[in-house]
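For reference, the structure is listed below as structure tokens.
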Amino acid sequence: MRRYFGRKFLIYALTFFVAVTINFMIPRLMPGDPVRSMVARAGMQTPEAAATMQEYYTRIFGLDVPIWQQYLNFWAALLRGDLGISIWLFPQPVTGVIMRAVPYTLALLIPAILLSWFAGNKFGAFAARRKWLDNTILPVGYVLTATPYMWLAILLAWALGIIAGIFPIAGGYSFSLAPTLSWTFVGSLLAHWFLPFVSLFLVFFGGWAIGMRNMIIYELEADYSHYLQALGAPQRLVRKYAFRNAALPQITGLALQLGVIVAGAVVTEIVFSYPGLGHLILKAIENQDFFLLQGAFLFIVIGVLLANFIIDIVYVLVDPRTRTGMGGGSA
Amino acid sequence: MATTSLAGKPEAERCCTVDRVSMVYKIGAFGGTDLPAVRDVSFEVRAGEVVSLIGESGSGKTTLGKMILRLCPITGETITVDGVDISTFKRRRLKTYYRSVQGVFQDPFSSYNPIFKADRVFSMIKDEYFAEVNAAEWRRKVAASLEAVRLSPDEVLNKYPHQLSGGQLQRILIARALLLDIRLLVADEIISMLDASTRIDVLNLLADLKAQGLGILFITHDLSLGNYVSDKTVILRRGRIVEMGAPDRVFGNPLHPYTKSLLTSVPQLHRKWERVEAELAAGRAGLTGRCIYHERYPNGDGPVGLDAERPTLAEAEDDHFVACFQADGEETC
Amino acid sequence: MSKVSLRVAGLKVHYRTLRGDVKALDDVTFAVADGETMGLAGESGCGKTTLGKSLIRLDGRMRHVDGTVELDDEELPIGDTARMNDFRFREVFIIPQYAMSAMNPTRKIGKMTKELLESRGVRFETVRTELKRRLELVGLAHDVLDRYPIELSGGMKQRMVMVLSTLLNPSLLVADEVTSALDVSTQRAVAETLVDFRDRGFVRSMIVITHDVSLVYQIADSIMVMYAGKLAEKAPTDVIVDSPRHPYTQLLISSLPEVGVKYADKRLTGIPGSPPSLLDPPAGCRFRDRCPLAFDKCSEEPPFVEVEHGHYVACWKA
Numbered sequence: 000m001r002r003y004f005g006r007k008f009l010i011y012a013l014t015f016f017v018a019v020t021i022n023f024m025i026p027r028l029m030p031g032d033p034v035r036s037m038v039a040r041a042g043m044q045t046p047e048a049a050a051t052m053q054e055y056y057t058r059i060f061g062l063d064v065p066i067w068q069q070y071l072n073f074w075a076a077l078l079r080g081d082l083g084i085s086i087w088l089f090p091q092p093v094t095g096v097i098m099r100a101v102p103y104t105l106a107l108l109i110p111a112i113l114l115s116w117f118a119g120n121k122f123g124a125f126a127a128r129r130k131w132l133d134n135t136i137l138p139v140g141y142v143l144t145a146t147p148y149m150w151l152a153i154l155l156a157w158a159l160g161i162i163a164g165i166f167p168i169a170g171g172y173s174f175s176l177a178p179t180l181s182w183t184f185v186g187s188l189l190a191h192w193f194l195p196f197v198s199l200f201l202v203f204f205g206g207w208a209i210g211m212r213n214m215i216i217y218e219l220e221a222d223y224s225h226y227l228q229a230l231g232a233p234q235r236l237v238r239k240y241a242f243r244n245a246a247l248p249q250i251t252g253l254a255l256q257l258g259v260i261v262a263g264a265v266v267t268e269i270v271f272s273y274p275g276l277g278h279l280i281l282k283a284i285e286n287q288d289f290f291l292l293q294g295a296f297l298f299i300v301i302g303v304l305l306a307n308f309i310i311d312i313v314y315v316l317v318d319p320r321t322r323t324g325m326g327g328g329s330a
Numbered sequence: 000m001a002t003t004s005l006a007g008k009p010e011a012e013r014c015c016t017v018d019r020v021s022m023v024y025k026i027g028a029f030g031g032t033d034l035p036a037v038r039d040v041s042f043e044v045r046a047g048e049v050v051s052l053i054g055e056s057g058s059g060k061t062t063l064g065k066m067i068l069r070l071c072p073i074t075g076e077t078i079t080v081d082g083v084d085i086s087t088f089k090r091r092r093l094k095t096y097y098r099s100v101q102g103v104f105q106d107p108f109s110s111y112n113p114i115f116k117a118d119r120v121f122s123m124i125k126d127e128y129f130a131e132v133n134a135a136e137w138r139r140k141v142a143a144s145l146e147a148v149r150l151s152p153d154e155v156l157n158k159y160p161h162q163l164s165g166g167q168l169q170r171i172l173i174a175r176a177l178l179l180d181i182r183l184l185v186a187d188e189i190i191s192m193l194d195a196s197t198r199i200d201v202l203n204l205l206a207d208l209k210a211q212g213l214g215i216l217f218i219t220h221d222l223s224l225g226n227y228v229s230d231k232t233v234i235l236r237r238g239r240i241v242e243m244g245a246p247d248r249v250f251g252n253p254l255h256p257y258t259k260s261l262l263t264s265v266p267q268l269h270r271k272w273e274r275v276e277a278e279l280a281a282g283r284a285g286l287t288g289r290c291i292y293h294e295r296y297p298n299g300d301g302p303v304g305l306d307a308e309r310p311t312l313a314e315a316e317d318d319h320f321v322a323c324f325q326a327d328g329e330e331t332c
Numbered sequence: 000m001s002k003v004s005l006r007v008a009g010l011k012v013h014y015r016t017l018r019g020d021v022k023a024l025d026d027v028t029f030a031v032a033d034g035e036t037m038g039l040a041g042e043s044g045c046g047k048t049t050l051g052k053s054l055i056r057l058d059g060r061m062r063h064v065d066g067t068v069e070l071d072d073e074e075l076p077i078g079d080t081a082r083m084n085d086f087r088f089r090e091v092f093i094i095p096q097y098a099m100s101a102m103n104p105t106r107k108i109g110k111m112t113k114e115l116l117e118s119r120g121v122r123f124e125t126v127r128t129e130l131k132r133r134l135e136l137v138g139l140a141h142d143v144l145d146r147y148p149i150e151l152s153g154g155m156k157q158r159m160v161m162v163l164s165t166l167l168n169p170s171l172l173v174a175d176e177v178t179s180a181l182d183v184s185t186q187r188a189v190a191e192t193l194v195d196f197r198d199r200g201f202v203r204s205m206i207v208i209t210h211d212v213s214l215v216y217q218i219a220d221s222i223m224v225m226y227a228g229k230l231a232e233k234a235p236t237d238v239i240v241d242s243p244r245h246p247y248t249q250l251l252i253s254s255l256p257e258v259g260v261k262y263a264d265k266r267l268t269g270i271p272g273s274p275p276s277l278l279d280p281p282a283g284c285r286f287r288d289r290c291p292l293a294f295d296k297c298s299e300e301p302p303f304v305e306v307e308h309g310h311y312v313a314c315w316k317a
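Chains as they are written, first to last, in numbering that gives the first Met the number 0: chain H, 0 to 330; chain C, 0 to 332; chain U, 0 to 317.
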């Protein structure tokens, strides 16, 4: 068991290393020079002043050393928790900027993932029992899961925000409020949170419901289900076993889907101008903000790896078959 | 005295010689545990001879077949076919090798791609080996080899696998192998999925092919099938040969306790288990508490087979070899 | 042996397929006496598995068309899957072909047994001692109940399922190809356990379905041979093996290689041809096309009649 997790941990560490390296390279391979555009925005009159300013910024951001040096510096700073200084929000440190955005993203993602997973599985299993439900739910599920995130988001914003006017369509809280711990502020947070949450929830939900429906039909046709039925066991017990076993591949599915899910969240945040990481990434790209972009990606990578690791552990705990495999098998 | 059975046999007759090969599988999540699948096995298949490799699951019989077919690496000593060591063959040489050695496996249905017609197996052979043969001549060649396995071309050509019976599919695979002028056929459980009434036809076919000079390694778990066509019987247990020799010696006078237990377990027609057991017990009365192998090689204390100088089998009578009765090799006897 | 335990009369079961109904069982009539172990033999597609399933649980594509099944003078509602539940497990039970995968892989065996029993209204505590006694009988340690199915070997799973299946002492046990996936040495142990269970009264009568005639020869009192959805012959075991009357049985038995029989001494032959399609089976005797003895009368269907005491044959020449 310890060996198993040791091995897993090694694989995650390696993935992390590769991810960080790619993360370091990508913004530097992007076209355009961020410092020059910053200088241009400052609107310096004389070329000398512009040159001085360019030199100053280049030094501050550590861009004056060779690329391998930049890479090593990047790791050294990373291990200290220092992600550099944002170009867009100069001179705020990237870590601070991201830390302000992360709670919004987590508040959106965690409930959307967990609720859609539970609800989708329950619903899929329920639908598989009844022909008419199966016939109506299945197409709806396919439509939902095939819907592009931003399209559903725009549709919801238009219908519930603009036409019905029930929910606000942009921002994390009302622009007229300052962050305080008051009921009005919390209410405003919730109202702004609702639409992005629902649009993510619906798309995920469709996917899980279809997956579960297919898995449970497979499990109900498995030998052990037939055996239980031949023993005259009530449908309740047969379904209970089938549901449990069908949920196992869904856990793996969750691990595989995490990356896609996060990508969906990024797009949805952009549509609703929700102040999470996705919104930040958009701004960072618009402003060619290397460090912010790197920081935001890094957080996403860490988040996805961490979530995958947790899922790995959960899977081992719920499925006895993986545990036997680790012991070398007893034939 | 490397391979016990080779003593005094002319080299020309030998078709395939397996000399002290072993195989260890790594099992467990990260290959932590060793599972020896084949341990120090030596035997030979001569031209015009059917050798039955009999064993239960985990005996290593399939692994041995795969080694001869180069489907898994050969470890331990060597396997030679027609006097040439086959373990080092690479691409080109391996392709030539497959001209003379072919295999047929247990499940006829999964040997075919269900979306193509069954006779595609012939055109694949043509593309690989006989690209220069013209179409009319090729058709004649296919018809001849189908005839050799007693199928009529009209019956089986241009059909999809699901339109043919298991017996027909297996025979098509044998016909495919025959197109290549093979010298050795590895038949791994080829009839265990067929119905009783068609099984025997495939067995008879093997016997006919052997009469034409083909060497056949017939791998099976079923003693009664192994006995019907074979000239030599090799009984494997947990990767080791426990008994080997002419079928009437091995089955008529089983020496090793494992062979005896197999014989008392296999259901036979016309003879009930109790009767078989009583007969064998009477035949083995003089063997209780003895080990023929160690009577022949009294100095062998350690596990059998580790000593290269010492054969793994002792010759108990003419053409009848037996391993140490404690043949697991974990303990001495 | 005189009291009849199972009586099947005129049973017809069809399989629904896209190309129409496959007449998997056609007019099957036979009886199994109290305490009898009947071997049911035949080649693949002859209807033996369908017959076994009909006695316990028809699967989704099977349709009960006609005929009755009586167990201990009580009619089994085989077409009604809900009402059959009262009989399953308590009165009639099947040890399935797939015993290797019959247990839920993610539940400990003991827990599964408990949940199963309690769902049938049996307190686990009341059978716990008996369960342990029977585990000992088949050579399983008590701690298998704390293990997952994957931790057991094939033979152990098979024995566990046998114990589980017979726990409530059913009147009739249907064992479907229980030994075909096992090694020779385990095979014998499992077959003998079946006999032992009957001798101890855990089950009263048994139907052992197999493609291997030599296996049922070892353990059965009588053997029934099926061909293409119909009964061909039923007789006491020795009679079937030594002096079969139906040409199909004769050919089948003579095509089996035995230990000691060598190709060089005695060339055995198979049965030429293949069984008819059951989508639209031919009228008359279904073995007619492959039968060396076929004559004009075979275009009429031969009845399954008793030609000697306990020996039934469906052949005009018998």
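For each residue, glycine too, the CB sits at the ideal point set by N, CA and C.
These numbers come from a predicted model, not from an experiment.
Neighbour flag for residue i against chain H, beta carbons, 8 Å
{"i": "I55 (chain U)", "result": "yes"}
{"i": "M102 (chain U)", "result": "yes"}
{"i": "N168 (chain U)", "result": "no"}
{"i": "Y337 (chain U)", "result": "Any property of residue 337 (chain U) remains undetermined from this structure, which presents chain U solely from 0 to 317."}
Residue-level contact to chain C via CB, residue i, 8 Å cutoff
{"i": "P275 (chain U)", "result": "no"}
{"i": "E257 (chain U)", "result": "yes"}
{"i": "D211 (chain U)", "result": "yes"}
Below-8 Å beta-carbon distance, residue i vs any chain U residue
{"i": "Q249 (chain H)", "result": "no"}
{"i": "V303 (chain C)", "result": "Any answer about V303 (chain C) is weak, because its pLDDT of 47 lies below 50 and its placement is not dependable; what the coordinates show is given next. Not one chain U Cβ lies under 8 Å of V303 (chain C)."}
{"i": "N203 (chain C)", "result": "yes"}
{"i": "F250 (chain C)", "result": "yes"}
{"i": "V228 (chain C)", "result": "yes"}
{"i": "K271 (chain C)", "result": "yes"}
{"i": "G210 (chain H)", "result": "no"}
8 Å Cβ cutoff met for residue i and residue j
{"i": "Y11 (chain H)", "j": "F289 (chain H)", "result": "no"}
{"i": "G263 (chain H)", "j": "A208 (chain H)", "result": "no"}
{"i": "R170 (chain C)", "j": "V148 (chain C)", "result": "yes"}
{"i": "A8 (chain U)", "j": "G44 (chain U)", "result": "no"}
{"i": "R198 (chain C)", "j": "G41 (chain U)", "result": "no"}
Segment limits, beta strand (DSSP E) that includes residue i
{"i": "S191 (chain C)", "result": "First-last for S191 (chain C): undefined, no H or E at that position."}
{"i": "G9 (chain U)", "result": "V3 to T16"}
{"i": "V202 (chain U)", "result": "First-last for V202 (chain U): undefined, no H or E at that position."}
{"i": "E305 (chain U)", "result": "V304 to E307"}
Expected contact under 8 Å - CB spacing of residue i and residue j to nearest Å
{"i": "I252 (chain U)", "j": "P246 (chain U)", "result": "Not a contact, Cβ separation roughly 11 Å."}
{"i": "S204 (chain U)", "j": "G34 (chain U)", "result": "6 Å"}
{"i": "F15 (chain H)", "j": "V300 (chain H)", "result": "7 Å"}
{"i": "P137 (chain H)", "j": "R40 (chain H)", "result": "Strictly speaking, residue 137 (chain H) in this sequence is Leu, with Pro absent from that position. Rounded, the Cβ-Cβ distance is 53 Å, inconsistent with contact."}
{"i": "L262 (chain C)", "j": "V258 (chain U)", "result": "7 Å"}
Extent of the continuous alpha helix (DSSP H) run through residue i
{"i": "Q91 (chain H)", "result": "Premise fails: Q91 (chain H) is in no alpha helix (DSSP H) and is neither H nor E."}
{"i": "L230 (chain U)", "result": "Segment K229 to P235 is the beta strand (DSSP E) holding L230 (chain U); no alpha helix (DSSP H) there."}
{"i": "L227 (chain H)", "result": "D222 to A229"}
My parser needs the beta strand (DSSP E) runs of 3 or more residues fully inside the stretch 9 to 92 of chain C; what are they? 13 to 26, 32 to 45, 49 to 53 and 74 to 80
Proximal residues, the stretch 223 to 248 of chain U versus chain A, C-beta separation under 7 Å: Among the protein chains in the structure shown, which are H, C and U, there is no chain A.
Mind listing, in chain order, the continuous alpha helix (DSSP H) runs of no fewer than 4 residues lying wholly within the stretch 47 to 115 of chain U? 47 to 53 and 80 to 83
At 4 residues or longer, and completely inside the stretch 110 to 151 of chain H: list those alpha helix (DSSP H) runs for me, N to C. 130 to 145
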